[in-house]
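Residue numbers (UniProt numbering), protein chains in the order written: chain A, 1 to 124; chain B, 1 to 578.
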Amino acid sequence: MKLLTHNMLTSKCMKAVTVGYPLGINASDVRVSEVDFNPDFIAKIIPKVDWAVLWNAAESIGQLEGLPKDIVENYENDHDFLKKAHHVLLEVDIINGELICPETGRKFPISNGIPNLLLNEDEV
Amino acid sequence: MDSHKFIKKVTKKLRRLQYILNKETGAVSSSTPTQNLAICNVGQINGLTEATIVEAFKQYGPLERVLLIPGKSCAFLSYKSVVSATRAFEDANGKLNIAQDEKPAYLSYVESLPESKNDKIWDRLPPGLTIIENFVTEAEEAMLLSLCMFEDDVNSMKHRQVKHYGYEFRYDINNVDKDKPLSEKIPQECDVLWRRLNIDFRPDQLTINHYKPGQGIPAHIDTHSAFEDPILSLSLNSAVVMEFKQKETICVLLPQRSLAIISGECRYDWTHAIIPRKYDFYYTSNECNSFKRDTRVSFTFRKILRGECSCNYKLNCDSYAKNLERIDHTLATKLESQHVHEVYEDIAGHFSDTRHKPWPNVLDFLKTFKTGSILVDIGCGNGKYFGYNREIFETIVARINLIFQVGMDRSFKLNELCKGRGFEIFTGNCLNLPLKNNTADGVISIAVIHHLATKERRLKALTEITRILRPGGLALIYVWAKQQMKNQEKSTYIKQDRKNRKSTDEEIRGASTDEIFVVDGISLPVHINRTDFNHSDVLVPWKLKSENLSKAQTFLRFYHVFEEGELDNLCEEIPEIT
């Protein structure tokens, strides 16, 4: 599961939950791989991302690699910044672990890179 | 003009017409008289009817057969004897004004009548139909007619006049209001009719219909849940020809004062109709004849059905159709679990192997998204539409902008296959998307929501998709259609079966199975692959071929196939969708 995906996920679909975002991360296996860098793509994705959540998620699994806590001004042209964002968004993959609902503590397993967000009948 | 000139004129005209006749129908003209005559210059396409032909030609002798050719301006008739045909030829040729604009018809002897498909059947009755002739005497007929003297109403010229006793049949709901009996019951004078029958039948509903010549009733099946079996129809004051249709069309003469007992298959699975016209023609075992209709008064006696219909003719059963609408949340979950989710787990590998060609329309949709778009595939299956499948994408889609695609599917096995190809996916349920509001620039959901068993669930899925879309975002939803024919053309789905490329409409429509599969008290029809859908909620078989198994296993997947406009209507219920 990439951190860009994590940025979109929520447990709000659960019955008892009001916000359900962001989901906490426990990662037991993290894989880092090289992904083609497209600065234009990254520049356009950044405004769609909750930056604070992204930053905290990366930090919680030790994958910040110098990512600034705030989005820099004129980031579209900042090659270095974009590269760091790219790394955190797309090159980090959580293979095994779990996602945690911030309100109920409910754990959603991640195995083989696939988070399982299926709810039980009584959770809906 | 004098006789000689007349004959010359007719002969010349005839030669040309005979040539056309042969070209259009293959009929071979004969210079010597035969029993068979062709009417060369007027036919079905000009509005000529069998009844008109019989009325005009029966005076020359007993007729054996009358034939109209659809779309042609010629027709045929055959007499029992050559003598009759000769009489007709000499008297009518070039003189009988039944052609267009009351021009004369031109006749030719032909060696034989051409072959005709789609002939209506006269020599047998549909299963379950019995006709009892002379069921009432003339005196009884007069008595019954006196019970229902209607005023001649000019306004009713177009439609037949109707009166109900016992219970009212409401044409707006196509059923009876079983809780509101009428104060007027079936007249006691009718009681004499039941004692005459050998069946245990006591009706509590009577409908009297007046059909003036030229009036009729469209093809219909009496609502299953309204009435029991049988239905009795007494024809008074005139005979009429009634058409019964299932896969074939059977024409039945109902003589004046006869009783038709409509039962069993005929009652539940055949439509009946009266064609609006003023003359009827008919065949008996001997010959072909015709008559002019008078006002036919029908007394239709029926017994109200208490409860729902439990017949075996589910195709046209409103009780059966209604049953399916009662699927509740628990049953829907169970139905989907057994007949969607588990099946996809079992067939994942085979399914994925057979799903490799992306549909062009979907690819075109994906191409419209700008670089940096986020696209979610709800029900992504084997990941057919993911952009990283280089072999497919780069050949088909020349330049696809870089978009972030994430997929969700319910099936663990399919997700594993997807992940193995390097796609970003998660497991979830389309009824409760674990995604933030306004996250996606685009959503695709291809062949997914037709697996949801109730309208509420399908609506929920669409609502969820709407929720995760950014304002201005676009979604593409594909579902299976119930109607597999458009503009008389068979769909690709039906054509995939090699047999069906040549088969007729009847063969495809008639191919629905009676096999019913029961899931928790709800019975669902099992669809025959590569044929039309006769019901909206079906189980569609998937044959799993595997070297491990000694014989192929069949899995049944639940589908709700969509009627035209149904998806649009669902979307209209979601205000955020424009």
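For every residue, glycine included, the Cβ atom is placed at its ideal position computed from N, Cα and C.
All figures in this text were calculated on a predicted structure; none of them were measured in a lab.
{"query": "Spatial neighbours of Lys-436(B) in its chain, beta-carbon cut-off 8 angstroms, leaving aside the 5 residues before and after", "result": "Ile-468"}
{"query": "Cβ-Cβ separation, Thr-427(B) to Ile-114(A) (assumed contact under 8 angstroms), whole Å", "result": "6 angstroms"}
{"query": "Proximity below 8 angstroms, CB of Val-88(A) to CB of Gln-63(A)", "result": "yes"}
{"query": "Residue environment, Asp-172(B), which counts as buried when at least 16 other CB atoms sit within 10 Å", "result": "exposed"}
{"query": "Runs of alpha helix (DSSP H) wholly within the stretch 294 to 347 of chain B (minimum 4 residues, chain order)", "result": "318 to 325, 329 to 336"}
{"query": "Rounded C-alpha distance that separates Arg-267(B) from Asp-222(B)", "result": "7 angstroms"}
{"query": "Closer than 8 angstroms at the beta carbon, the chain A residues around Val-343(B)", "result": "The premise fails here: Val-343(B) is roughly 17 angstroms from chain A at the closest Cβ pair, so nothing lies under 8 angstroms."}
{"query": "Proximity test, Cβ basis, 8 angstroms: Leu-3(A) and chain B", "result": "no"}
{"query": "For Ser-319(B) and Lys-107(A), the rounded distance between their alpha carbons", "result": "46 angstroms"}
{"query": "Gly-166(B): contacting residues in chain A (beta-carbon distance under 8 angstroms)", "result": "Near Gly-166(B) there are no residues of chain A at all, since even the closest Cβ is about 49 angstroms away, more than 8 angstroms."}
{"query": "Residues in the stretch 5 to 17 of chain A having any Cβ partner in chain B nearer than 7 angstroms", "result": "Thr-5, Met-8, Leu-9, Thr-10, Ser-11, Cys-13"}
{"query": "Distance, Val-110(B) Cα to Ser-30(B) Cα", "result": "5 angstroms"}
{"query": "Test item: CB-CB of Lys-327(B) and Ile-449(B) under 8 angstroms", "result": "A quick correction: the sequence has Ile, not Lys, at residue 327(B). No, the Cβ-Cβ distance between Ile-327(B) and Ile-449(B) is not below 8 angstroms."}
{"query": "Alpha helix (DSSP H) segments (min. 4 residues) lying fully within the UniProt domain \"Fe2OG dioxygenase\" (202 to 305) of chain B", "result": "264 to 269"}
{"query": "One or two residues paired with Asn-116(A) in a DSSP bridge", "result": "Thr-427(B)"}
{"query": "Partner residues on chain B for Pro-115(A), Cβ-Cβ distance less than 8 angstroms", "result": "Phe-426, Thr-427"}
{"query": "Within chain B, the residues that Ile-45(A) reaches when beta carbons sit closer than 8 angstroms", "result": "Gly-372, Ile-374, Phe-404"}
{"query": "Minimum Cβ-Cβ distance from Thr-466(B) to chain A less than 8 angstroms", "result": "no"}
{"query": "Cα-Cα separation between Asn-56(A) and Pro-39(A), rounded to whole angstroms", "result": "22 angstroms"}
{"query": "Beta-carbon proximity of Pro-102(A) to Gly-20(A), cut-off 8 angstroms", "result": "yes"}
{"query": "Spatial distance of Asn-198(B) from Ala-27(B) (CA atoms)", "result": "50 angstroms"}
{"query": "Exposure of Thr-25(B), with buried meaning 16 or more beta-carbon neighbours within 10 Å", "result": "buried"}
{"query": "Neighbourhood of Glu-573(B) by C-beta, 8 angstroms cutoff - its chain only, sequence neighbours within 5 removed", "result": "Leu-459"}
{"query": "Interface flag, Thr-439(B) vs chain A, CB-CB below 8 angstroms", "result": "yes"}
{"query": "Through-space distance from Glu-308(B) to Val-162(B), alpha-carbon basis", "result": "26 angstroms"}
{"query": "Inter-residue Cα distance where the pair is Asp-409(B) and Ala-348(B)", "result": "12 angstroms"}
{"query": "Ile-98(B) and Ala-56(B) closer than 8 angstroms at C-beta", "result": "yes"}
{"query": "7 angstroms Cβ shell around Glu-121(A) - same chain, five flanking residues per side excluded", "result": "none"}
{"query": "Same chain only: Cβ atoms within 7 angstroms of Val-124(A), ignoring 5 sequence neighbours per side", "result": "Lys-15"}
{"query": "Those runs of the alpha helix (DSSP H) which lie wholly inside the stretch 72 to 132 of chain B and span at least 4 residues", "result": "82 to 92"}
{"query": "Residues bridged to Ala-475(B) (per DSSP)", "result": "Val-443(B)"}
{"query": "Own chain residues within Cβ distance below 7 angstroms of Ile-274(B), not counting five before or after", "result": "Tyr-211, Gly-216, Ile-217, Val-240, Met-242"}
{"query": "Burial state of Asp-70(A) (16 or more Cβ within 10 Å)", "result": "exposed"}
{"query": "Straight-line gap, Val-82(B) to Thr-300(B) (C-alpha atoms, nearest Å)", "result": "44 angstroms"}
{"query": "Local conformation of His-356(B) per DSSP, three classes", "result": "coil"}
{"query": "Short Cβ contact (8 angstroms threshold) for Ser-225(B) with Asn-175(B)", "result": "yes"}
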